[in-house]
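Before any comments, here is the structure.
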Amino acid sequence: MKKTNSIGKQAKRDQKNRVVRRRDGKGKVRLYVINSENPRMKAKQ
Numbered sequence: 087m088k089k090t091n092s093i094g095k096q097a098k099r100d101q102k103n104r105v106v107r108r109r110d111g112k113g114k115v116r117l118y119v120i121n122s123e124n125p126r127m128k129a130k131q
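Here it is in structure tokens:
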């Protein structure tokens, strides 16, 4: 999984990418890029 400053750039690498918001264990909201067909595209900010 890549860590990145620009999550939008990572989301545009593939058409199947989706940006989702999830809470980590400390209650902070993190942005993730997920792709079920190609897991190599995962990224977080």
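According to the numbering used here, the sequence shown holds residues 87 to 131 in order. The C-beta atom is built at its ideal place from N, Cα and C for all residues, glycine as well.
| Could you give the distance in angstroms between the alpha-carbon of R109 and the alpha-carbon of V119? | Each residue's alpha carbon lies about 14 Å from the other.
| According to DSSP, is K88 helix, strand or coil? | Residue state, collapsed to three classes: strand.
| query | At which residues does the alpha helix (DSSP H) containing K95 begin and terminate? | reply | Note, K95: alpha helix (DSSP H), 93-97.
| query | Rounded to a whole number of angstroms, what is the C-alpha to C-alpha distance between V115 and S92? | reply | For V115 and S92, the distance between alpha carbons rounds to 16 Å.
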